[in-house]
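Engineer: For the sequence shown, our numbering gives the first residue as 1, with consecutive numbering after it.
In this text, a Cβ means the ideal position worked out from N, Cα and C, and glycines have one as well.
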Amino acid sequence: MGDTQAAAEAETHEVDGHAIPLDLIALQRDFYAGVVALLNEEIGPRLIGRDAGEPSVIADDLYNGVRAHYARAGGHVFPEMSRRGLSVAAISAVDVALWDILGKALGVPVWRLLGGRRAASMPAYGSGGWADAEHIGAPRVHARADRPGLGITVREDFALRHAM
1 MGDTQAAAEA
11 ETHEVDGHAI
21 PLDLIALQRD
31 FYAGVVALLN
41 EEIGPRLIGR
51 DAGEPSVIAD
61 DLYNGVRAHY
71 ARAGGHVFPE
81 MSRRGLSVAA
91 ISAVDVALWD
101 ILGKALGVPV
111 WRLLGGRRAA
121 SMPAYGSGGW
131 ADAEHIGAPR
141 VHARADRPGL
151 GITVREDFAL
161 RHAM
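Structure below.
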């Protein structure tokens, strides 16, 4: 499979956050190529004619149906419980987009559609660990060279950036 590029654009309001350097994401090229293929070949066709105003129904349908035939072919007795990382990543992208479409159609922010404000602030979850230790080191060294403050905590880095 050749190089595949995927881009996502998001606009948020009233959110403070921190992100990893983009060169760490380059390690995931094959992963993202797989997600793009799933979106184009399996998930996309399942969305044609569906009501975008039913994000939960569509997400459930996709989660319970995508790639089950591959799992069965691989000998998994319960395909719904087999490895689903690529599928979940692709379904999540669609799910976020559907909630955004619904919110825009109703003129309501997505956080309100999902039940409203529960707290003034809350921690966010980020995951990773897809690359082995041997391949993680080089981008981190490069990132540290580009960003001297990387060796400090996120709070320290955030405070320094806002003090400038």
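Run through DSSP, which three-state label would G49 get?
Structural biologist: In the structure shown, G49 sits in coil (DSSP, three-state: anything other than H, G, I, E or B).
Engineer: What do you reckon, are the CB atoms on D100 and V110 nearer than 9 Å?
Structural biologist: It is a contact, given that the beta carbons lie within the stated cut-off.
Engineer: Do you know how far the Cα of V94 is from the Cα of Y32?
Structural biologist: Straight-line Cα distance between these residues: approximately 14 Å.
Engineer: Cβ of V110 less than 9 Å from any chain D Cβ?
Structural biologist: This model lacks chain D altogether; it includes just one protein chain.
Engineer: Excluding five sequence neighbours on each side, which residues of the same chain lie with their C-beta closer than 8 Å to the C-beta of I43?
Structural biologist: Cβ neighbours of I43 beyond the five flanking positions: L62, V66, A90, I91, V94.
Engineer: So, at 6 Å on beta carbons, what are the nonlocal neighbours of G173 in its own chain, with the 5 sequence-adjacent residues on each side left out?
Structural biologist: The structure shown does not extend to residue 173, since the chain is modelled only from 1 to 164, so the question has no answer here.
Engineer: In whole angstroms, what is the alpha-carbon distance linking V108 and D51?
Structural biologist: Straight-line Cα distance between these residues: approximately 18 Å.
Engineer: Between the C-alpha atoms of M122 and L86, what's the straight-line distance to the nearest angstrom?
Structural biologist: Near 27 Å, if we compare the C-alpha coordinates of L86 and M122.
Engineer: Whose C-beta lies closer than 8 Å to the C-beta of L47 among residues of the same chain, with five residues either side of it excluded?
Structural biologist: Hits under 8 Å: I58, V94.
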